[in-house]
Structure formats: structure tokens, C-alpha cells
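K.L.:
In full-length UniProt numbering, the protein residues as written are 1 to 189. For reference, the structure I am asking about is given below.
Shown next, in the form of C-alpha cells:
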């Protein structure tokens, strides 16, 4: 008989991670620390943060931990209607990467020793902007509260990503306005 999965994210860990997410200044460092923390907490092989590019309809890896450069360079990751984590906005568990039709690069997973994958949507409000993928060398079973915790943290990450994008936009506008002649900046033109 299989044992029920052990809860690994306790309230004190959740609070500490939530606080850290809200206070990071460097988005790249935040995402790298986030995937590393997932791997260490759940004792899994690796994890990645992938962001969606609407024009290309692809997911681009922006952070990863525990997976090889060969695996990361396996090819483009196209958004597929079969990927429930992205299209349905809910976590998806794939316990057999070698035979599941939703997996784009089964041979690369085999070479990397990856058997199972968990995908969590990164949402900003109700829009999915990316995925967190967790990879392991054996099927993964998480406690229901851990799944909920990672899903909530993924949403917090989505808000931070949006905020960072808005901050970059405002900075570009400020730079553009500062390049205007003084008479136009004062509204006299």
C-alpha cells in the first residue's frame, strides 16, 4: 500500500517565500532562487520557469535549476492545446514523459533521465503568462496542500512579472519624455 505524500511546505516556509517574492529587486535572481528552492524542498531533479511569448506562441526558459544545458537546448517549446497547465490554467502531472502525447521532447527527457513532470501555470490575474515545470527521475506525488501552495506562489510570481514589465514600460516612457525639447515637456508647444 502506498503512503500518502508528506506535506513539505509548512505555513512558516510559505510565509517566508511569499515575503521574499514580494521584496526581490532582481526578477532574474528571484526566478532562479524560486526554482532552486522547489528542487531542494521537494527533492526533485530540476525545475524551470518558462514565460509565454504571444507573438511566437512559444514558451521561453528564463530560469532553471538541476537540468543540463543539453536538455535546455532541446528545441523550441510551442504552446499546445494539449498542455492543460497552460490552456486550462491548472496544475498538470505527467508521470510518464516517455509515452505521454503532451510531451514534445520525450527522447530528450529520456537522455536526461527525466521520467515525470509537474507543470504549474504562472498567472497574472486570470491570464496565464508562463509555466513552472518540475522534473524528476521517478513519478512525483505531492501533498494536496503543497500543490495549492506552489499554485499560489506561482500566481504571486505572475504579479511580480507583470509589475516588473510595467516598471520597465514606465522607465522607457520617462526616458522618451526626457528626450523631448523642454518646451514640449512643459506643455507649451
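All C-beta atoms, glycine included, are put in the ideal place defined by N, C-alpha and C.
1. Taking 8 angstroms as the cut-off, decide whether the C-beta atoms of residue 18 and residue 153 are in contact.
2. Going by other Cβ atoms of all chains shown within 10 Å of its Cβ, with 16 needed for buried, is residue 212 buried or exposed?
3. Do the CB positions of residue 135 and residue 45 come within less than 8 angstroms of each other?
4. Check for me: the alpha helix (DSSP H) holding residue 33 runs from which residue to which?
5. Could you please give me the residues that DSSP links to residue 116 through a beta bridge?
6. Enumerate, from N- to C-terminal direction, the unbroken alpha helix (DSSP H) stretches of 4 or more residues contained entirely within the region 37-110.
7. Where residue 110 and residue 116 are concerned, what is the direct C-alpha to C-alpha distance, given to the nearest angstrom?
8. When DSSP labels each residue in this structure, what does residue 131 get in the three-state scheme?
9. If you pair each beta-carbon of the region 69-80 with each one of the region 140-151, do three or more pairs fall below 8 angstroms?
10. Over what stretch of residues does the alpha helix (DSSP H) that includes residue 126 continue unbroken?
11. Within 10 Å of its beta-carbon, does residue 112 have 16 or more other beta-carbons around it, so buried, or fewer, so exposed?
12. List the endpoints of the continuous alpha helix (DSSP H) containing residue 20.
13. Can you tell me which of 10, 3, 4 puts its alpha carbon nearest to the alpha carbon of residue 150?
14. Let me know if residue 189 comes out buried or exposed under the rule of 16 or more other beta-carbons within 10 Å of its beta-carbon.
15. So, at 8 angstroms on beta carbons, what are the nonlocal neighbours of residue 104 in its own chain, with the 5 sequence-adjacent residues on each side left out?
16. Work out the CA separation of residue 182 and residue 34 for me, nearest whole Å.
P.N.:
Straight from the coordinates:
1. yes
2. The structure shown does not extend to residue 212, since the chain is modelled only from 1 to 189, so the question has no answer here.
3. yes
4. 27-42
5. 136
6. 69-72, 84-87
7. 10 angstroms
8. strand
9. no
10. Neither: residue 126 is in no alpha helix (DSSP H) and is coded neither H nor E.
11. buried
12. 11-23
13. 10
14. Confidence at residue 189 is low in this model, with a pLDDT of 49, below 50, so the placement of that residue is unreliable and no value is reported for it.
15. 75, 77, 78, 80
16. 45 angstroms
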